[in-house]
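I have placed the structure first, in the form of C-alpha cells, so that the comments after it can refer back to it.
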Amino acid sequence: MTGRIAVGGIEHETCGFAAPQCTTTLEDFEKQTLRGDELLELGDANTIIDGFVRGVRDIGGEIIPLMWVKGTTGRPASRTDFETVTTELLGRLQDSLPVDGVLLSLHGSFAAEGIDDADGAILTAVRELVGPDCPVMAVHDMHCNLTEEMARSADVLVVERTYPHVDMAERAQHTVQLMAHTVGGRSRPTMAYRSLPLLWSARKMMTAEPPMQDAIAKLREFDKQSGVLSASIGVGYQWIDSPAVGASVIVVTDGDRGSAEQYADSLGRWVWDCRESWQSEPLTPEAAIACGIERGQFPIVLAEQGDNTGGGAPGDATDLLRLFLAERLAPSAVLYVVDPDVASQAAAAGMGAEIDVQVGGKSHARLGPPVSMRVKVRAISAGRFTYDGPMWAGVKEEMGQAAWLEQDDVHVVVISHRQQPVDLAFCRSLGLDCSQMRYLAVKSTGHFRSGFAPIAGSIFNVDTAGVLSHDFRQLPYTRLGRKVYPLDETAGIGW
Ligand SMILES: [Zn+2]
Numbered sequence: 022m023t024g025r026i027a028v029g030g031i032e033h034e035t036c037g038f039a040a041p042q043c044t045t046t047l048e049d050f051e052k053q054t055l056r057g058d059e060l061l062e063l064g065d066a067n068t069i070i071d072g073f074v075r076g077v078r079d080i081g082g083e084i085i086p087l088m089w090v091k092g093t094t095g096r097p098a099s100r101t102d103f104e105t106v107t108t109e110l111l112g113r114l115q116d117s118l119p120v121d122g123v124l125l126s127l128h129g130s131f132a133a134e135g136i137d138d139a140d141g142a143i144l145t146a147v148r149e150l151v152g153p154d155c156p157v158m159a160v161h162d163m164h165c166n167l168t169e170e171m172a173r174s175a176d177v178l179v180v181e182r183t184y185p186h187v188d189m190a191e192r193a194q195h196t197v198q199l200m201a202h203t204v205g206g207r208s209r210p211t212m213a214y215r216s217l218p219l220l221w222s223a224r225k226m227m228t229a230e231p232p233m234q235d236a237i238a239k240l241r242e243f244d245k246q247s248g249v250l251s252a253s254i255g256v257g258y259q260w261i262d263s264p265a266v267g268a269s270v271i272v273v274t275d276g277d278r279g280s281a282e283q284y285a286d287s288l289g290r291w292v293w294d295c296r297e298s299w300q301s302e303p304l305t306p307e308a309a310i311a312c313g314i315e316r317g318q319f320p321i322v323l324a325e326q327g328d329n330t331g332g333g334a335p336g337d338a339t340d341l342l343r344l345f346l347a348e349r350l351a352p353s354a355v356l357y358v359v360d361p362d363v364a365s366q367a368a369a370a371g372m373g374a375e376i377d378v379q380v381g382g383k384s385h386a387r388l389g390p391p392v393s394m395r396v397k398v399r400a401i402s403a404g405r406f407t408y409d410g411p412m413w414a415g416v417k418e419e420m421g422q423a424a425w426l427e428q429d430d431v432h433v434v435v436i437s438h439r440q441q442p443v444d445l446a447f448c449r450s451l452g453l454d455c456s457q458m459r460y461l462a463v464k465s466t467g468h469f470r471s472g473f474a475p476i477a478g479s480i481f482n483v484d485t486a487g488v489l490s491h492d493f494r495q496l497p498y499t500r501l502g503r504k505v506y507p508l509d510e511t512a513g514i515g516w
C-alpha cells in the first residue's frame with residue numbers, strides 16, 4: 022500500500038465520580054504527549070498507537086504522524102483544556118491533508134465539561150476535515166461507552182478483546198489491515214452499531230474466565246461469518262453520570278448493510294439475553310480470605326476494585342492494610358498506596374532507617390483513617406521503570422518518589438503518582454519478590470492479572486469502602502436518560 026495514513030489519538034477514561042484531586046488538566050495530558058515525528062519512534066510497545074505505527078510501516082504505507090495524548094483516568098477535562106488538545110490534533114491533521122486514511126486511538130469513554138461524548142466530538146470533527154470518502158477508523162479500550170455519534174462519524178470502530186488489556190497492538194494491526202484493504206479498494210467497510218442499556222460488572226469482564234470467555238468465543242464465531250470484517254463488544258465504563266454509559270456491539274461487513282445490521286442485532290441480543298451473567302454480588306475481604314485459606318491457594322490476591330487507581334480512585338484507602346496488620350496476615354504486601362508524603366519521608370530517612378509514618382487515608386474520609394506504622398525502609402526509588410507485560414510490555418512508567426516499607430512482614434509500597442499495579446516489574450526493581458507473599462492487596466480491578474495471575478494461588482475482587490463502588494445501585498446516577506439494567510429490571514433493548 023502506498024497511501025498516506027494519518028495516525029494519532031487522544032486517550033482518556035473519564036471518571037465522573039473521581040476524587041477532586043484526580044484531575045485531568047493540560048499539565049496531566051502533557052506528561053504523556055507525543056507530537057509529529059516523535060510518533061515515528063514508536064512501534065515496539067504493546068499499545069494501540071505502537072500497533073498503528075508498526076502496522077502502517079509493515080504494509081509499506083506512509084505514516085503521517087499527528088499527535089498522541091494519553092491521560093490517566095480522572096475527572097472530566099475542562100472545556101478549554103479539551104479544546105486545546107483537540108484543536109492541536111485537528112490542526113495537525115488539517116496541515117497534513119490530503120490523506121488516504123485516518124487511524125485514531127481513542128479510549129471511547131472520554132468526556133469533558135459539558136461534552137458527554139468527547140470521542141464522538143473528535144470523530145465528528147475529523148470527518149468534517151477529511152470529508153465523507155476518506156476512511157476513518159478508531160480502536161478503543163474494552164471499557165468504552167460507544168455512541169451513535171461515534172458510529173456515525175467513523176467507517177470502522179474496533180474494540181479490544183482482552184481484560185486485562187493485552188491485545189492493544191494486535192487490535193491496532195487488525196485495523197491497519199482493514200485500512201489497507203479499504204484504501205486499496207479491496208473492501209468497503211459497512212458498520213452497524215447497537216447500544217445496550219446494560220451495566221456490566223467488572224468481575225465478569227475477565228476474558229480468561231467464564232462468562233467473559235463465552236463472549237470472546239461468540240466474537241470469534243462472528244469473525245468466521247462470510248463477509249464479516251470485524252466484530253466487537255464494548256463492556257462500558259460505568260463511573261460517570263452520562264447518557265453515553267453502557268455496553269454496545271459493533272459489526273463491520275464488507276459492503277453489506279443488511280447483514281451488518283442483522284449481525285449487530287444478533288450479537289446485541291445475545292449479550293442482552295445473557296445480562297444476568299454479567300452481574301456479580303459484593304464480596305468482603307474477610308470472606309475472600311477465608312475462602313482462599315480453605316482452598317489453601319496462596320498467595321491470596323485481593324483486588325481492591327473500589328480503590329482502583331487505574332479507574333480514577335485516589336489509591337490510598339487503608340482497609341486492607343489495617344486488616345493485614347490487625348489479623349497478622351503475613352508475609353503480605355499492599356500495592357500501591359498513593360502517599361507522596363510518606364514516600365518523601367522514607368526517601369529523606371534513607372534505606373534501612375526505621376521511621377514512624379501515617380500511611381494513606383488522607384484523600385477522602387471514606388478511605389481513612391491513616392494507619393500508624395513504625396516501618397523499616399527497605400528500598401527507595403525515583404519511581405521510573407518499564408512494564409514487562411504482557412499488558413503495556415515495553416511502556417515506560419513513572420510512579421514518582423516511591424518506597425518499600427515493612428512492619429512485621431507486612432509490606433507496603435508507597436508511590437507518588439496514581440498508578441495501579443499491572444505487573445511485577447516495579448516491585449522487582451525495588452527488590453520485593455511478590456511471589457513470596459501469602460497475601461497480596463492490589464489497588465486494581467483487572468489489569469493486575471497481567472503480571473500477577475501467573476504467581477497467584479487465588480484471586481478475589483473484594484469490595485471495600487472505596488470511592489468507586491462496584492455496586493451500581495450505590496452510584497449517584499441522574500443522567501443515564503433511559504432505563505438501564507440492573508438498576509431497572511424492566512429495561513429493554515427495543516429492537
Ligand atoms: Zn480498560
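Under our numbering, the letters of the sequence shown match residues 22 to 516, in that order.
Every residue gets a Cβ at the ideal spot worked out from N, C-alpha and C, and that includes glycine.
Following the DSSP letters along the chain, one finds His-161 inside the beta strand (DSSP E) bounded by residues 157 to 161.
By the 16-neighbour rule on beta-carbons within 10 angstroms, Ser-393 is exposed.
The bridge partners DSSP lists for Asn-482 are Ala-324.
Not one heavy atom of ligand 1 lies closer than 7 Å to the C-beta of Met-412. Residue pairing of Val-443 in beta bridges, as defined by DSSP: absent, with no partner found. Three or more Cβ pairs closer than 8 Å define a contact, and the region 162 to 176 meets that threshold against the region 210 to 226.
Nearest to Asn-329 by C-alpha distance, out of Gly-135, Ala-424, Thr-466, is Thr-466. By the criterion of at least three beta-carbon pairs nearer than 8 Å, the region 115 to 131 is in contact with the region 29 to 42. By the Cβ rule, the region 354 to 370 does not count as touching the region 288 to 298, because fewer than three pairs are nearer than 8 Å. Counting C-beta pairs with one atom in each stretch, the region 264 to 277 and the region 490 to 510 have three or more that are closer than 8 Å, which means they touch. The region 145 to 153 makes contact with the region 115 to 124: 3 or more CB pairs, one atom from each, lie closer than 8 Å. In the DSSP assignment, Lys-91 falls outside any alpha helix (DSSP H) and lies within the beta strand (DSSP E) extending over 83 to 91. Shortest gap from the CB of Met-227 to any heavy atom of ligand 1: 7 Å or more. Less than 8 Å divides the Cβ of Ile-376 from the Cβ of Ala-370.
A distance below 6 Å between beta-carbons, with the five flanking residues on each side excluded, links Ser-301 to the following residues of its chain, in chain order: Ser-222, Arg-224, Lys-225. Here the residues close to ligand 1, judged by CB distance below 5 Å to any of its heavy atoms, are Asp-162, His-164 in chain order. DSSP, read as helix, strand or coil, puts Ile-261 in coil. With a 10 Å radius around the Cβ and a threshold of 16 neighbouring Cβ atoms, Lys-383 comes out buried. A distance below 7 Å between beta-carbons, with the five flanking residues on each side excluded, links Ile-84 to the following residues of its chain, in chain order: Ile-26, Val-28, Leu-61, Val-74, Val-77, Arg-78.
The three-state reading of DSSP puts Asp-275 in strand, counting E and B together. The beta carbon of Trp-425 is closer than 6 Å to those of Arg-399, Ala-400, Val-434, Leu-451, Leu-453 in its chain, skipping five residues each way along the sequence. As computed with DSSP, Gly-95 is found in a beta bridge with Thr-35. By the C-beta density criterion, Gly-317 is exposed, having fewer than 16 other C-beta atoms within 10 angstroms. With 16 or more other CB atoms across the displayed protein chains lying within 10 angstroms of its CB, Pro-320 is buried. Annotation: Gln-379 is outside any alpha helix (DSSP H); the continuous beta strand (DSSP E) that includes it extends over 375 to 380. The beta carbons of Phe-38 and Leu-508 sit no closer together than 8 Å. Spanning the alpha carbons of Arg-470 and Arg-56 requires a straight line of approximately 32 Å. DSSP, reduced to helix, strand and coil, places Tyr-506 within a strand of the structure shown. The distance from the Cβ of Ala-354 to that of Met-458 is about 5 Å, consistent with a contact at the 8 Å cut-off. Between Gln-440 and Glu-418, the C-beta spacing is below 8 Å. Shown here, Met-200 sits in a helix according to DSSP, grouped into three states.
In this structure, the alpha-carbon of Thr-228 lies about 8 Å from that of Pro-185. For Phe-319, no alpha helix (DSSP H) encloses it, and the DSSP letter there is neither H nor E. About 7 Å separates the Cβ atoms of Asn-67 and Pro-411, confirming a contact at the 8 Å cut-off. Between Val-90 and Gln-53, the CB-CB gap stays under 8 Å.
Excluding the 5 residues flanking it on each side, Leu-341 has same chain C-beta neighbours closer than 7 Å at Pro-306, Leu-323, Glu-325, Val-355, Ala-462, Thr-485, in chain order.
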